[in-house]
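**Q** The structure under discussion is supplied below as C-alpha cells; questions concerning it will follow.
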Amino acid sequence: MSISRAPTPRVKAIVLSAFNHCRWFKLCREYVQALGWKDCFFRPAHDRCYCRKCYSLPLPDVISAAGEDYVVPRGWAGFGLQVDTTLVDYHNLWEEWIVTYHGTSTIAAESILAHRQFLLPGDTLLNGKPLSIRPGHIPGKAHLYTSPSILYASLNVYSVRYNFTDSSGKKYEAKIVFQCRQKPKTFCVQAETVGRGKDPICPFISNDKIEYYTVNRSSVVPYRLLVSLKEL
Ligand SMILES: [Zn+2]
79 MSISRAPTPR VKAIVLSAFN HCRWFKLCRE YVQALGWKDC FFRPAHDRCY
129 CRKCYSLPLP DVISAAGEDY VVPRGWAGFG LQVDTTLVDY HNLWEEWIVT
179 YHGTSTIAAE SILAHRQFLL PGDTLLNGKP LSIRPGHIPG KAHLYTSPSI
229 LYASLNVYSV RYNFTDSSGK KYEAKIVFQC RQKPKTFCVQ AETVGRGKDP
279 ICPFISNDKI EYYTVNRSSV VPYRLLVSLK EL
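Pasting the structure below:
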C-alpha cells in the first residue's frame, strides 16, 4: 500500500504542536496527515517526540507507570489522542493504569479510534472486513495483544509496514503503534510468540514476559499514536 496524499486542511489541529521545531516530528506528522484521519481523534497537547534531539541519550530508556516498567519509544514521534474524560476520571487512568504498546495496521487503528474502543479479532473494521488473528497466535482465541516493549509491539508481524513518499519525494517505510494505558490485573503475561526463543528481542524486557493478552477490550485505552519512518 502506498500513501502519498498531500496534507489536508482538516487536520489543522495537530499543527498546533509543541514539537513544531523538530524536523523529524514534522516529517512524521506529514505521514499522519497523509492518513487522512479526522482531526477530532487528536490531542496535540499530548504530542511527544522521542527523536535523539527531543529525547536525548542520557534520559531513561525505561520508565515506570503505575508500578510497571515500559520501554521509552526512542526514535518514534508521538501524536496525542483524545481520551474519554469519563474513562480517565472513573479509572484514575493516568495514575493507576500501566503503559503498554499495540502494533497494528492503519485500518485497524482508525477503526479503533472511530469505535472509541479496542477491537478483538472477528470485530468488523471500517472497511467492512473482520479483524484477523495475527500469525503465531492461537486460532479461535479472540485476544487483544499488547507489550511493555516498543521493540516487540513494532515487530513486522504486529505493526504493518507501509510505503510513504514525503512532500520532497523521499521514500520511507512507515509503521504505527498505539501507546496505551492498560488496567492492571486484567491481562495475562506470556513469552514471545514470534519464534525467537531465547534470542533477546528487547534489551530491557525479557522474552519470557514480553507479551500481554486479554479478552477485556475496555481495559486498554490508546492515548498516543506513535509513528516511525525508515528512509528507503
Ligand atoms: Zn524530535
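Going by our numbering, the first residue of the sequence shown is number 79, and it counts up by one from there.
The beta carbon of each residue, even a glycine, is placed where N, CA and C say it ideally should be.
1. Among Arg212, Thr243, Lys248, whose alpha-carbon lies nearest the alpha-carbon of leucine 233?
2. Would you kindly check if the distance between the Cβ of valine 293 and the Cβ of alanine 220 is under 8 Å?
3. To the nearest angstrom, how far is it from the Cα of arginine 152 to the Cα of lysine 131?
4. Whose beta carbon lies closer than 7 Å to any heavy atom of ligand 1, going through the chain in order?
5. Based on Cα-Cα distance, which residue from Tyr290, Lys253, Val255 lies nearest to cysteine 266?
6. So within the region 128-208, which uninterrupted beta strand (DSSP E) runs reach at least 3 residues, ignoring any that extend past its ends?
7. By the DSSP assignment, the alpha helix (DSSP H) with tyrosine 236 in it spans what residues?
8. State whether the region 266-286 contacts the region 116-124, with contact taken as three or more CB pairs (one from each stretch) at a distance under 8 Å.
9. Please determine, among Arg239, His193, Tyr301, Asp201, the residue with the shortest C-alpha to C-alpha distance to threonine 184.
10. Express the C-alpha separation of serine 134 and alanine 305 in angstroms, rounding to a whole number.
**A** According to the data block:
1. Arg212
2. yes
3. 11 Å
4. Phe97, Cys100, Trp102, Phe103, Cys127, Cys129, Lys131, Cys132, Ala155
5. Tyr290
6. 140-143, 146-149, 155-158, 176-181
7. Here tyrosine 236 belongs to no alpha helix (DSSP H), and DSSP marks it neither H nor E.
8. no
9. Arg239
10. Residue identity differs from the one stated: residue 305 is valine in this sequence, not alanine. Those two C-alpha atoms are separated by around 18 Å.
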